[in-house]
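K.L.:
Okay, here's the structure, questions in a sec.
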Amino acid sequence: MVDEKATEDKQMNAIQNSLFLDATPQPMPETPNTPNLAIKEKLQSTIAVRGEFQLPCMPTMLEQYVKLVRGLLKVLGQKPTQTEMQALERQLSKKLAEGFDRSPHAYLTLTYQLARPALGLTGGIAFSIVVNTDPTEAQPSFSEAKSSRFGRYPDAMAMAIAAELGDALQVPVLDIGAGIGRNSLPLAKRGHPVEAIASNPLVGKQLTELAHSRGLAVKVLANDVLDRAALSMTYRLAIASEVLPHLRGSDRVEQFFRQTSSVLQPGGVLLVAAFLAKGDYQPDAKVRELSEALGCYLLTRQELKEAIASLPLQLIGNESVVSYESQHLPSEAWPPSDNFLNWATGRELFPTLTNPPVELRWLQFRRV
Ligand SMILES: C[S@@+](CC[C@H](N)C(=O)[O-])C[C@H]1O[C@@H](n2cnc3c(N)ncnc32)[C@H](O)[C@@H]1O
């Protein structure tokens, strides 16, 4: 069914953001007063053009996007004035910021077409800029999860720590951003009381049904991990597997550590998979924006230190997820998917580097 309101809004949005580059039909170098020049002018007026760019909403890309548009206009024989280009740049800048703020997966659809169709290319080009965001966070259904980035097997590290903590019944676990229970279900099967945070209610429902169908007691909390009110008990183990890479901004990361440390029992363990910069690598704004868009939000060592500085958390383990999991998962479970290795080694972010300056690490903290 067509959502008329949404269509109208979209059209209004497009109209409001249209920018007519009249290109003040540039006078030909010479008046087309010869048959050849007159024909050239005529042909220009019969050419139609229409197209679009899909541009990731990364504010640091503004300059490149403006260059792209300039290049296009040049190819189309348009000569925009400085004022017109400045207006386009302002619109682009505003929309990039708006989209990036809404979602790291947002992108701009920048459409160009004839401003005055009857005049062809001699009548200028009109642009419209619309922000698109993913309708919902794509969540794999159970069957799709078989081919998801993380595979079907629980994390070897999470299972090993749970086992080390002793009698499962005495080790309540909080699985943060549990998805459909890749870790929650096997942990419940070991006998742990498990609470699972699923911020997406549909995913939470799927997890509840799966647990129920297997006769496992997993209590699903449909909340944001950053919402302290959701958490009723204290846990001996809290796991956040592949969740931190989806957070955005140091404030949220700090809040994440503050909330989770506050629900851990003294001596309890927090296990987090996070992208850490190697050595003293300092990502610039572009790298940071792209890391958010690709779901590999990254922290420098200093940022990690600052995030936990005032908290009763002690870092007791820090090792490469790839090297640990490849050695401890059953051979048929490694790698978890075709794209896991690229992502976890940082090559999704830096495809041409053999040794990217970031990687996914298992960080283990003890609540002191
Ligand atoms: C990539 S999935 C990982 C699922 C599961 N932990 C696993 O490893 O299979 C990331 C999950 O984190 C959840 N998530 C992201 N931010 C969250 C937040 N602030 N609070 C609760 N869950 C969150 C998402 O809804 C999603 O289910």
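Read in order, the letters of the sequence shown are residues 7 to 374 in my numbering.
Each residue gets a CB set at the ideal place from its N, CA and C atoms; glycine is no exception.
(1) One question on the structure: do I135 and Y118 come within less than 7 Å of each other, judged by their Cβ atoms?
(2) Taking the alpha-carbon of M165 as reference, which of G77, A217, S190 and M91 has the nearest alpha-carbon?
(3) To the nearest angstrom, how far is the alpha carbon of R294 from that of Q288?
(4) Establish whether the CB of N324 and some CB of chain D are separated by less than 7 Å.
(5) Would you mind reading off the limits of the beta strand (DSSP E) that contains A202?
(6) Does the beta-carbon of G83 have 16 or more other beta-carbons within 10 angstroms, so that it is buried, or is it exposed?
(7) I'd like to know whether the C-beta atoms of A103 and P62 end up nearer to each other than 7 Å.
(8) Shorter than 6 Å, the distance from the beta carbon of E248 to the closest heavy atom of ligand 1, or not?
(9) According to DSSP, is W340 helix, strand or coil?
(10) For A280, which option in G129, P272 and S297 has the closest C-alpha, if you only look at C-alpha atoms?
(11) Return the residue from the list L250, H334 and A244 that minimises the CA-CA distance to L277.
(12) Mind checking P251: buried by the 16 CB within 10 Å criterion, or exposed?
(13) Can you tell which of F59, L208, S109 and S267 has its C-alpha closest to the C-alpha of L253?
(14) Between G172 and A246, what straight-line distance do the alpha-carbon atoms span, to the nearest angstrom?
(15) Extract the residue ranges of the beta strand (DSSP E) inside the stretch 264-339, only unbroken runs of 3 or more that lie entirely within it.
(16) Assuming I314 and Q370 make a contact with CB atoms under 8 Å, what is their CB distance in whole Å?
(17) For E338, count the other beta carbons within 10 Å of its own beta carbon; 16 or more makes it buried, fewer makes it exposed. Which is it?
(18) For the alpha helix (DSSP H) that P207 lies in, which residues bound it at each end?
(19) In its own chain, which residues sit with a C-beta less than 8 Å from the C-beta of P207, not counting the 5 before and 5 after it?
(20) E365 by DSSP, collapsed to three states: which one?
(21) Taking the beta carbon of E201 as the centre, do at least 16 other beta carbons fall within 10 Å, making it buried, or is it exposed?
P.N.:
Based on what the coordinates show:
(1) The answer is no: Cβ separation not under 7 Å.
(2) Check the Cα spacing between M165 and each of G77, A217, S190 and M91: the tightest is with S190.
(3) 10 Å
(4) Within the model displayed, chain D is absent; a lone protein chain is all it includes.
(5) V200 to I203
(6) Around the Cβ of G83, a 10 Å sphere holds fewer than 16 other Cβ atoms; the residue is exposed.
(7) no
(8) yes
(9) coil
(10) The shortest C-alpha separation from A280 is found at S297.
(11) A244
(12) buried
(13) S109
(14) 20 Å
(15) 270-283 and 319-326
(16) That belief does not hold up - the Cβ atoms of I314 and Q370 are roughly 12 Å apart, past 8 Å.
(17) exposed
(18) P207 to S219
(19) A228
(20) DSSP places E365 in strand when its eight states are reduced to three.
(21) Label assigned to E201: buried.
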